[in-house]
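Visitor:
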Amino acid sequence: GVSFMDSSGINVLITAHRQIDAAGGKLHIAAANEAVLRVLTLVGVDTFIPCHPTTRQALSA
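Numbering-wise (this note's numbering), the sequence shown opens with residue 1186 and increments by one.
Structure follows, in structure tokens:
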């Protein structure tokens, strides 16, 4: 899994979200570690890309 997230990683997620959304899909994040989830929350990514504690929850969302 991913253990570190900086602005480059955030930009990749935002770009992927936009492309997937434009194609009618949804991007979800599953089982992010605590440090990565903290970064995603601090910058507000979790407000438009749902973050789930487990893969099972992400797949059923």
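Using N, Cα and C, we set each Cβ at its ideal position, and we do this for glycine too. Everything numeric in this text was worked out from a predicted model, so none of it was measured.
Buried or exposed, going by whether 16 or more other CB atoms sit within 10 Å of the CB of V1187?
Guide: Translated into positions along the sequence shown, residue 1187 becomes position 2. Per the 10 Å Cβ criterion, exposed.
Visitor: Which of the three DSSP states is assigned to I1205 in this structure?
Guide: Locating residue 1205 in the sequence shown gives position 20, counting from the first residue. DSSP places I1205 in helix when its eight states are reduced to three.
Visitor: Measuring only the C-alpha atoms, how far is A1216 from A1207?
Guide: Position 31 of the sequence shown, counted from the first residue, corresponds to residue 1216. Position 22 of the sequence shown, counted from the first residue, corresponds to residue 1207. Approximately 25 angstroms, taken between the alpha carbons.
Visitor: The alpha helix (DSSP H) that contains T1240, what's its start and end?
Guide: The residue you call residue 1240 lines up with position 55 of the sequence shown. Unbroken alpha helix (DSSP H) run through T1240: 1240 to 1245.
Visitor: Please classify V1197 as buried or exposed, where buried requires at least 16 neighbouring CB atoms within 10 angstroms.
Guide: Here residue 1197 is taken as the residue at index 12 of the sequence shown, counted from 1. Its Cβ having fewer than 16 others within 10 Å, V1197 is exposed.
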